[in-house]
Amino acid sequence: MAYVSVKGGEKAITHAHQWLAEDRRGDQSVNELEVAQVREQLSLAVDRVMSEGSCYDRDLAALAVKQARGDLPEAIFLLRAYRTTLPRFGASLPVETEAMAVRRRVSAAFKDIPGGQVLGPTFDYTHRLLDFALAAEGGVAPEPAPQAEEPQAYPMPNIASVFRHEDLLEHDTRADEPAEPYDLTRQPMKFPADRDQRLQALARGDEGFLLSLAYSSQRGWGSTHPLCGEIRMGEVAVEFVPDELGFPIEIGEITLTECTMLSGFAGSAERPPQYTRGYGLTFGHCERKAMSMAIVDRALRHREVGEQADAPVQDEEFVLYHSDNVEASGFVQHLKLPHYVDFQADLQLIRRLRKEHFERRAALKEAAE
Amino acid sequence: MSTPVPARANAPERYYNYAYLDEQTKRMIRRSILKALAIPGYQVPFGSREMPVPYGWGTGGIQLTAAIIGPDDVYKCIDQGADDTTNAVSIRRFFANVADVATTEDTGEATIIQTRHRIPEKPLKQGQVLVYQVPQPEPLRGLEARETETRAMHAYEEYGLQYVSLYENISAYGRIAATAGYPVMVEERYLMSPSPIPKFDNPKMAQNEAVMLFGAGREKRIYAVPPFTRVRSLDFEDYPFETQTWEETCALCGAEDSYLDEVILDDAGDKMFVCSDSHHCAERRAAGHVGPMAGHTLDQDAALKEPAQ
Chain S
127 MAYVSVKGGE
137 KAITHAHQWL
147 AEDRRGDQSV
157 NELEVAQVRE
167 QLSLAVDRVM
177 SEGSCYDRDL
187 AALAVKQARG
197 DLPEAIFLLR
207 AYRTTLPRFG
217 ASLPVETEAM
227 AVRRRVSAAF
237 KDIPGGQVLG
247 PTFDYTHRLL
257 DFALAAEGGV
267 APEPAPQAEE
277 PQAYPMPNIA
287 SVFRHEDLLE
297 HDTRADEPAE
307 PYDLTRQPMK
317 FPADRDQRLQ
327 ALARGDEGFL
337 LSLAYSSQRG
347 WGSTHPLCGE
357 IRMGEVAVEF
367 VPDELGFPIE
377 IGEITLTECT
387 MLSGFAGSAE
397 RPPQYTRGYG
407 LTFGHCERKA
417 MSMAIVDRAL
427 RHREVGEQAD
437 APVQDEEFVL
447 YHSDNVEASG
457 FVQHLKLPHY
467 VDFQADLQLI
477 RRLRKEHFER
487 RAALKEAAE
Chain V
207 MSTPVPARAN
217 APERYYNYAY
227 LDEQTKRMIR
237 RSILKALAIP
247 GYQVPFGSRE
257 MPVPYGWGTG
267 GIQLTAAIIG
277 PDDVYKCIDQ
287 GADDTTNAVS
297 IRRFFANVAD
307 VATTEDTGEA
317 TIIQTRHRIP
327 EKPLKQGQVL
337 VYQVPQPEPL
347 RGLEARETET
357 RAMHAYEEYG
367 LQYVSLYENI
377 SAYGRIAATA
387 GYPVMVEERY
397 LMSPSPIPKF
407 DNPKMAQNEA
417 VMLFGAGREK
427 RIYAVPPFTR
437 VRSLDFEDYP
447 FETQTWEETC
457 ALCGAEDSYL
467 DEVILDDAGD
477 KMFVCSDSHH
487 CAERRAAGHV
497 GPMAGHTLDQ
507 DAALKEPAQ
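This is the structure in structure tokens:
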């Protein structure tokens with residue numbers, strides 16, 4: 127009955143989905159996971175799903191993580207497929223990360239920079255030893271971390287403002303009338319990609335893919351010699367100008383991670399030697415992703431600074447076309463759909479070629495004898 | 207079966223628009239379809255949306271269907287020629303839920319037929335729309351990986367590389383070795399991928415009465431062949447295009463001229479061949495045609511009457 131199992135049809139699908147729901151729930155003698163628990167205690171999973179899912183909603187992302195049984199690309203896919211149906215009522219004003227209420231802020235470029243180094247809640251400098259106390263039931267609440275004695279600098283200067291008076295670091299000029307940003311969720315990829323399109327693709331891109339690309343660049347495959355100018359994580363206000371009002375109102379607050387990588391540029395006939403930047407920005411706290419994104423962003427700017435480009439990380443079509451894990455995961459896994467019509471066509475050809483091969487061999491053998 | 211009754215299109219508990227996509231998106235897709243029909247074989251970039259099925263599983267075809275379907279349509283969905291393959295069942299269910307359409311397995315009765323990898327055996331009629339699911343819309347992609355290059359090649363009608371590749375086939379194998387997704391020339395202008403249909407189906411595209419729409423969701427391209435369009439499979443004068451043929455006939459209905467799937471029956475090399483187009487086969491059997499293994503458990507109608515273990 128092998129054939130029938132391939133042409134399984136309606137009943138098999140329904141039953142498979144029932145089994146899936148059962149497996150998702152796991153052993154029923156164990157308490158069911160609440161969405162709020164995922165949101166509060168698996169918050170970095172939620173952050174990644176919001177980032178690559180391009181949808182800032184902690185509850186929906188937590189639901190997606192629960193529904194996907196912790197499979198984050200699957201959760202990202204769930205969130206994207208929901209997001210895509212939402213009506214769009216407009217674009218917010220650009221968020222000002224300089225005005226971020228910073229929870230973490232470090233720079234590797236200077237021992238101390240204006241505003242200071244703020245470690246914040248980080249895995250850095252923890253020893254990666256399994257904490258068996260966490261495994262014990264009914265853990266006690268962790269002791270609250272001590273408060274700083276002085277409030278933080280606000281606004282917190284960023285690496286660009288530190289360099290501003292010396293022109294050592296390239297800086298952006300602000301357009302008076304910012305152009306409508308390119309939107310990959312509404313327009314297909316186009317090449318050459320401008321900065322907005324590139325950054326959007328990288329922000330939505332798979333963390334693992336960008337991490338490996340950034341790593342390859344560090345190992346000499348299109349090196350940008352990056353230096354971590356600054357990482358900051360915290361809350362920024364989102365402002366929106368409704369048509370009815372004509373002035374900006376604050377519609378909420380989101381957590382962002384921003385990373386600026388610095389990369390030396392020896393200068394050319396037109397441009398003086400200067401530091402160039404790579405930029406990374408994510409929803410939530412996704413530091414690995416933000417740093418990788420900044421390195422890849424800088425590597426893809428090789429044309430602007432006249433660098434030789436022969437590494438994968440510098441190839442815009444290669445990087446941007448293959449970074450989306452919803453696209454990649456779907457297409458790789460579509461190979462488990464039936465292909466027997468094509469396979470039959472192929473089989474026929476191979477059989478014919480084999481037959482001819484043996485006929486030729488036999489003829490040669492006969493001729494030799 | 208304990209499938210929950212889905213919410214009807216306009217019921218308050220419906221969380222999604224009719225046919226899933228919002229109306230602005232449908233309008234954008236319809237505009238792309240019109241452009242594609244106006245330039246047969248040209249790949250129109252479009253703002254493909256994330257769909258609730260994975261990329262590579264028919265997102266392009268589903269978006270096309272969602273953009274053109276209405277409550278009066280009769281929808282058929284096939285994969286590998288068959289209505290009962292799992293993904294076809296899943297997509298047909300999707301539209302039955304979100305678009306409240308009647309569904310059918312009858313090729314002649316359908317107004318929209320969505321397909322993956324086949325063109326039905328029964329000739330299509332004026333008024334029907336055949337929606338193809340396309341994994342890779344670019345016929346030249348296997349020869350040139352860069353989209354920037356292939357777009358220029360189409361613009362300049364620069365298809366030499368394709369012919370060289372066919373020629374290399376002949377010098378290596380004595381024939382053009384392409385078996386599925388065999389490239390076609392549309393209206394003597396655009397080289398087009400027919401999607402991975404076997405070349406057996408290629409001749410059905412020429413002068414077809416139906417509208418043929420091709421959707422590639424992941425690659426974000428739509429293209430089309432309007433009714434009564436010239437579609438030519440590439441070949442050489444001394445190596446003319448030829449389709450697959452079988453020494454066997456369909457084991458269930460005895461068809462001699464349909465595309466056959468090979469079904470392995472055991473580990474000892476026994477096999478049978480059956481029509482890939484399940485409706486075509488069923489219709490022939492209902493009309494009294496009998497193949498050498500008629501009544502086999504794979505003959506699902508017969509199996510119903512006499513359930514196997």
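First to last, the sequence lines map onto chains S and V.
Okay, so the first sequence: first residue is 127 according to the numbering used here, each after it adds one.
Okay, so the second sequence: first residue is 207 according to the numbering used here, each after it adds one.
Beta carbons are placed, not taken as given, at the ideal position from N, Cα and C, and that holds for glycine.
Query	Result
Span of the beta strand (DSSP E), counted from its first residue to its last, around S/E503	What the structure shows of chain S is the stretch from 127 to 495, and residue 503 of chain S is not part of that stretch, so it cannot be assessed.
Local Cβ density within 10 Å of S/I202, reported as buried at 16 or more and exposed below that	buried
Span separating the alpha-carbon of S/Q243 from that of S/V232	5 Å
Residue-chain proximity (V/H323, chain S), Cβ-Cβ < 8 Å	yes
Contact list for V/V295 against chain S, beta-carbon separation under 7 Å	G135, E136 and I139
Within-8 Å CB hit, S/G393 to chain V	no
Within-8 Å CB hit, S/V161 to chain V	no
Amino acids of chain V, ordered along the chain, whose beta-carbon sits closer than 8 Å to that of S/H460	P260, Y261, G262, W263 and P341
Contiguous alpha helix (DSSP H) assignments of at least 4 residues, all confined to the segment 402-434 of chain V	408-411
Contact set between V/R352 and chain S, taken where Cβ atoms lie within less than 8 Å	E443
CB of S/E442 within 8 Å of CB of S/P318, strictly	yes
Start-to-end residues for the beta strand (DSSP E) that takes in S/Y401	Q400 to F409
In chain order, each beta strand (DSSP E) run of at least 3 residues that lies wholly inside the segment 278-358 of chain V	280-285, 318-322 and 335-339
Proximity test, Cβ basis, 8 Å: S/Y401 and chain V	no
V/D463, buried or exposed, once every other Cβ within 10 Å from all chains shown has been counted against 16	exposed
Minimum Cβ-Cβ distance from V/D491 to chain S less than 8 Å	Contrary to the premise, residue 491 of chain V reads as Arg rather than Asp in this sequence. Judged by the 8 Å Cβ criterion, V/R491 is not in contact with chain S.
Proximity test, Cβ basis, 8 Å: V/Y373 and chain S	no
Stretch-stretch touch, CB-based, cutoff 8 Å, three pairs: the segment 432-440 of chain V with the segment 455-462 of chain V	no
Where S/I285 falls: helix, strand or coil (DSSP)	helix
First through last residue of the alpha helix (DSSP H) which encompasses V/C522	The first residue shown for chain V is 207 and the last is 515, placing residue 522 of chain V beyond what the model contains.
Per-residue DSSP class, three states only, for S/R487	helix
CB contact check: V/E453 to chain S, cutoff 8 Å	no
With 16 other Cβ atoms within 10 Å as the buried cut-off, status of V/T451	exposed
S/R486 at chain V interface by Cβ criterion, 8 Å	no
Chain-ordered neighbours of S/R312 on chain C, where CB pairs are closer than 7 Å	You won't find chain C in this structure, because its protein chains are S and V.
Within chain S, the residues that V/Y379 reaches when beta carbons sit closer than 7 Å	L479
Whole-Å CB distance - S/T210 paired with S/V362, under 8 Å assumed	In fact, because the Cβ distance is near 25 Å, the residues do not count as touching under 8 Å.
Classification of V/K426 by the beta-carbon crowding that lies within 10 angstroms, buried from 16 upward	buried
Where S/T383 sits in the DSSP three-state scheme	strand
Counterpart residues of S/L295 in DSSP-defined beta bridges	S/Y401
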